[in-house]
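So the structure is just underneath, and the comments pick up after that.
Number of protein chains: 4
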Amino acid sequence: MLNIALFGAGRIGQIHAGNVSLNPDCQLKYIVDMNHEVAVNTAKKYGAQAVSIEEALADSDVHAVLICTITETHADLIERSAKAGKAIFCEKPVDLSIDRVDACLEVVKTQKVPLMMGFNRRYDPNFSHLKNTLDSGDIGTVEMVTISSRDPEAPPSHYIKSSGGLFRDMTIHDFDVARWLLNEEPVSLYATASSMTSEHVKEAGDVDTAIITLTCKSGKMAVITNSRRASYGYDQRVEVHASGGMLTVNNMPESTLSMATEKGITSQKPMAFFLERYAAAYRLELDAFIAGLSVGVENYPIGEDGRKALIMADAAVKSIATGQVQLLTFD
Amino acid sequence: MLNIALFGAGRIGQIHAGNVSLNPDCQLKYIVDMNHEVAVNTAKKYGAQAVSIEEALADSDVHAVLICTITETHADLIERSAKAGKAIFCEKPVDLSIDRVDACLEVVKTQKVPLMMGFNRRYDPNFSHLKNTLDSGDIGTVEMVTISSRDPEAPPSHYIKSSGGLFRDMTIHDFDVARWLLNEEPVSLYATASSMTSEHVKEAGDVDTAIITLTCKSGKMAVITNSRRASYGYDQRVEVHASGGMLTVNNMPESTLSMATEKGITSQKPMAFFLERYAAAYRLELDAFIAGLSVGVENYPIGEDGRKALIMADAAVKSIATGQVQLLTFD
Amino acid sequence: MLNIALFGAGRIGQIHAGNVSLNPDCQLKYIVDMNHEVAVNTAKKYGAQAVSIEEALADSDVHAVLICTITETHADLIERSAKAGKAIFCEKPVDLSIDRVDACLEVVKTQKVPLMMGFNRRYDPNFSHLKNTLDSGDIGTVEMVTISSRDPEAPPSHYIKSSGGLFRDMTIHDFDVARWLLNEEPVSLYATASSMTSEHVKEAGDVDTAIITLTCKSGKMAVITNSRRASYGYDQRVEVHASGGMLTVNNMPESTLSMATEKGITSQKPMAFFLERYAAAYRLELDAFIAGLSVGVENYPIGEDGRKALIMADAAVKSIATGQVQLLTFD
Amino acid sequence: MLNIALFGAGRIGQIHAGNVSLNPDCQLKYIVDMNHEVAVNTAKKYGAQAVSIEEALADSDVHAVLICTITETHADLIERSAKAGKAIFCEKPVDLSIDRVDACLEVVKTQKVPLMMGFNRRYDPNFSHLKNTLDSGDIGTVEMVTISSRDPEAPPSHYIKSSGGLFRDMTIHDFDVARWLLNEEPVSLYATASSMTSEHVKEAGDVDTAIITLTCKSGKMAVITNSRRASYGYDQRVEVHASGGMLTVNNMPESTLSMATEKGITSQKPMAFFLERYAAAYRLELDAFIAGLSVGVENYPIGEDGRKALIMADAAVKSIATGQVQLLTFD
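Chains as they are written, first to last, in the working numbering: chain A, 1 to 331; chain B, 1001 to 1331; chain C, 2001 to 2331; chain D, 3001 to 3331.
Right, here's the structure in full:
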């Protein structure tokens, strides 16, 4: 039974806490949150204790930490946890600065602790079904990956301002999915973007609509389309064209009800947002982290995956700024 | 090149006339219609002549007749055409009275002329694809056939009154499809029906909503659901459950456009009515008639199929009247 | 916080136990199971105690019992629990004999305790979405309900033999759904059935393929199609035709992946069986029971619903035996 | 009744000939083809005459010409027809050289004759339904257009070599659709491409897989994905994201049959290729040409549309060659 310390008991932290309780091989020992009441209540619910970061890291019975705090604190918490010898699960990103990421991952490497990044989409049952089918070879070799990724609506201004912008905040998930499905590092990136959907995004100096093209040395390519606003709900689809045909993952509707009237046949919108669509993914992601710790193999997205996705996001920002294609180097 | 005489140049007659012109192996020689102007105009369009029934049947160069007149005249025209030695295509039904049908088919039998009944649904590319798949054995042996058949709206009162009622007018097509797909004669029939959708249908003493169950000796069964009104359009679907799985034919939408908004995802209604949905079926049906004449084989629905469908319709009427299950005998 | 005693910790009992732990307003206090080890382990997992029926019912702190034992024990446990003043949730059926059911429900009535029957399909999010839409009036008044209900494969012989037969074991759920959606009691029933899919079902004297038609006084009607074997998986669909159009609930696929190759476009089969398809329904069903107890209103399927569904199943058995339509009386 | 001269009676010429015969407002007067036998047979079929180009253009009773010859002859035939005062319908492209196109269109302009380019996709009922819905304003203002366009397999080497390459031969249709749906001229273009699907395409120095991104001044954008090979058939889909939601046009399947087995649910592939998918589009395109001549309004794709699509194709070629984004100028 692995003992877990949860850092951050906000929206995402609560989801991970629930999933820890569903996993028979681990349990929550400590809850750390700046808001003491939240920490105490969460601890109570799961039979854990509300403590400070220092106390949690000092306990040699804690095997792993889940970092679900605000972005600004990630790199610091990763380093402190690594130095305390804890296995680490961290929500993306490590940091918005690639230099800070590099320094942080160096500490992780030196401390030789496992670090899983929360690229939860790899654990969505639909996407993992697609990936497994690709890996089986049944559809031949990949030629093109297309990713449609749209949020139902833009986050509020204060979030936008500290988010690092569309590419580092939202597209970063798509960059990871693209790398995962291409199974080859892209060598160039081109992005075009505009602010069309949300006045407050434009005012914050960010973009909300984008197309990003990735090219690999082998000739494989990928395209990501993004929007911060889809009136019909959270749009998360993937198409993979391969030598043997096409694999498609569609959205999951709120229900399978459809209504046929003189106006047409109306079916349900996609599940509202990531908490609904990726509920299973969050659970399976945690299971993968725990299973990986048990067998000592990191067969999940690691710090390096987070770093590469950030490099791609930075390149997209530069592509927009210059209007030019960017070469990608991950070394 | 087969010479054709068309009896009746109304809505359906015009469709067959157009299809004759598209078939390279036949041509319209004569048009017969009570409305002389219609006959003349149609003849002009297709390079044919407007003549009387007598003139058309007297011409030994006429190989086949297409009977597209009103129901009341079908049996008489079949008999006269048979006695004149013509191959006959007749829109359903032969007659609304089974005794009249029996007498008429006796004449056809004596004269040894081909008689094809216009059960056009067998030639719908979707239904024939299903039938061919069944016949291939790929899905095993049939266990249950379910037929959904709904008109967009009830015909006007005068039509209802002379139609023979829901079962003889509308369900008769479904009875033929059921026999065709079961590939075994049903031995009993139960129908329940009511007048729910159209006040004028009720006033005409007819029903507009029905469920009919058919049972075969082998244990195979079928169910037909009917309505005279489907606000979402002409609903023509079939499901066949077999030992190896399920075959389904869905409606054909007006277009493949769908619109996703905050209200849901709306796709198009089915094609409006039989002229649209069965446009290809009418064409392929005529081609089958002509091809059958060419090779001398009646591999299409014949008079006996029309007779059996009428026997089933009569049984449905009796089932409603008595509230009881009816045994079916076709001898 | 309501204290719950669970009677029966088998497959279904485990599901309810898990759902109790997810509901913030109740907790498991006692586990009763003939297999002491199972009882002890389950009790341990949920912080409960393994006790005897007598002990559980004797504790005045127990507010409600969940009866998840074998069918033969249901009526007896309901009576004992009622006499002990406990609120009761019972898996269907109360009993396979209508006389026993009547006697049992009389006891419940006398004791004035709540009794919820486990007709879980009413809590499937897809079906309840359909029902809510019907109740909203947006689609007008109901005219016809069609229910497709197929199991992936027949249960083993020993199950079949003690099941009460297809209609009392499997169709009983569909009878409840039909009554719920028709919102009017049917007055007659006709069933046709055969043994086509599973040799051992035939040997057990049961049927595995059936069509059941229900007619209401208002003219509304319903049809249920059943099979004990659907190679493509658990098939649970509903269509409701109403004056304003059609509502349809389709199956939920295992994932939204589809594969397009030269052989066609292949999407996923429906979720494997009831544990997968109705996972959410089981959870929401328990929540409804607990919520109903909290507010003192039985807005869920009660004993009388179980009784009426059994009367319909008995009528279906008689319809098959006699080949005749059966009148339904629920008084 | 407009008299038509058909130049080129090959595959596409035959389609237009058939559609002329279906249009009540025009008739074929002359057939011109290098293969005299083809010309004679086609003329015979439609009651026309097989003549030379000179004869056809010299007849003042010829109102319009349909140019369906090989690409190399288009510009010359347009000029000669224009000088003869004929209205012109020409299959794309005017020419593969932009200079030649400019010169040719200058002649058309001077002669003031109508010139319709055969961008048939605008007349596909699915795409025109989408366009009409956009124009209605029901879905708000366009933000992003995504076009999926894949051929079932690459054409043979000799075709590839004289085709002008993927962008001028195949993508040119997509460029026209993009401009039509964006309703604004793009100002920059980026293309990435590779040879992945067909060895003989690579040997011919052409590409077979491509992603092309277009950006407009307003911030609207479009992405086109292409492949010369889709094992699942001719893939022709469009998605438009607008302020009010998303419009989607899907492929038309060969039939609506689906088969559910233990392997999944298999539906039919898209219609095989352009002759099937765009059969209705070819007919409606010709109707639009004839209707436009009747009312004297060119509300169809004109020479300038052909020119702009070619400029975009040239820019795509340059983008591939340089690896850089290309600015688009149409003046």
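Here a beta-carbon is modelled for each residue, glycine too, at the ideal position from N, C-alpha and C.
Just so we're clear, the structure is a prediction, and the values are computed from it rather than from any experiment.
Restricting attention to L3066/D, L3327/D and G3303/D, the CA atom closest to the CA of P3093/D is found in G3303/D. Residue ranges of uninterrupted beta strand (DSSP E) with 3 or more members, entirely inside the segment 47 to 128 of chain A and ordered along the chain, are 64 to 67, 87 to 90 and 115 to 117. In the three-state DSSP reduction, S3157/D falls in the helix class (H, G or I).
Around T248/A, the same chain offers E239 as residues with beta carbons nearer than 6 Å, after the five sequence neighbours per side are excluded. Taking a C-beta distance under 7 Å as the contact criterion, D2235/C and R2150/C qualify as a contact pair. Under the three-pair Cβ rule at 8 Å, the segment 205 to 212 of chain A does not count as touching the segment 3199 to 3208 of chain D.
Two segments are said to touch when three or more pairs of C-beta atoms, one from each, lie closer than 8 Å; by this definition the segment 1158 to 1172 of chain B touches the segment 1306 to 1315 of chain B.
Annotation for M3001/D: D3025, C3026 and Q3027 place their beta carbon closer than 7 Å to its own, counting only its chain and skipping 5 residues before and after. By alpha-carbon distance to A3009/D, the top candidate from N3003/D, H3036/D, G3137/D and S3021/D is H3036/D. Only buried fits G1233/B, as 16 or more other CB atoms lie within 10 angstroms of its CB. Taking a C-beta distance under 7 Å as the contact criterion, I67/A and A48/A do not qualify as a contact pair. For Y2282/C, the enclosing alpha helix (DSSP H) covers residues A2279 to V2295.
Taking a 10 Å sphere around the C-beta of L327/A, we find fewer than 16 other C-beta atoms and assign the residue as exposed. The beta carbon of L2293/C sits closer than 8 Å to the beta carbons of L2002, H2063, A2064, A2087 and P2114 from its chain, once the five residues preceding and following it are set aside; these are given in chain order. The segment 1276 to 1295 of chain B and the segment 3271 to 3283 of chain D do not touch, with fewer than three beta-carbon pairs separated by less than 8 Å.
Secondary structure at A1242/B: strand, using DSSP grouped into helix, strand and coil. Bridge partners of M259/A according to DSSP: T266/A and L2247/C. Closer than 7 Å to the CB of G219/A there is at least one CB belonging to chain D. The C-beta of K3112/D has fewer than 16 other C-beta atoms within 10 Å across all chains shown, which makes the residue exposed. In terms of Cβ geometry, T1213/B and I2211/C form a close pair [threshold 7 Å]. At a cut-off of 7 Å between C-beta atoms, T261/A counts as an interface residue with respect to chain B. Not flagged as an interface residue toward chain A: N2132/C, since no C-beta distance is shorter than 7 Å. Partner residues in a beta bridge of L3275/D, as assigned by DSSP, do not exist. Cβ neighbours of T3192/D within its own chain (closer than 6 Å, five residues either side excluded): I3211. As a beta-bridge residue in DSSP terms, Y3030/D pairs with A3005/D and Q3049/D.
Under the DSSP assignment, T1322/B falls in the alpha helix (DSSP H) whose first and last residues are G1303 to T1322. Closest in C-alpha terms to L2182/C, from the list K2217/C, P2156/C and P2152/C, comes K2217/C.
Residues of the segment 1265 to 1276 of chain B whose Cβ lies closer than 8 Å to any Cβ of chain A, in chain order: I1265, T1266, S1267, Q1268 and K1269.
V1177/B sits in a helix when the DSSP states are folded into three classes.
A straight line joining the alpha-carbon of M1221/B with that of V1142/B spans about 9 Å. When secondary structure is reduced to three states using DSSP, S2195/C falls in the coil class, being assigned neither helix nor strand.
Following the DSSP letters along the chain, one finds S1021/B inside the alpha helix (DSSP H) bounded by residues R1011 to L1022. Cβ proximity to chain A below 7 Å picks out E3143 from the segment 3114 to 3143 of chain D. In its chain, beyond the 5 residues on either side, A3009, I3031, V3032, D3033 and A3050 have a beta carbon closer than 7 Å to the beta carbon of A3039/D. Per the coordinates, the alpha-carbon of Y1282/B lies some 13 Å from the alpha-carbon of I1290/B. Residue nearest to G296/A within the set D102/A, I53/A and M116/A is M116/A (criterion: CA-CA distance).
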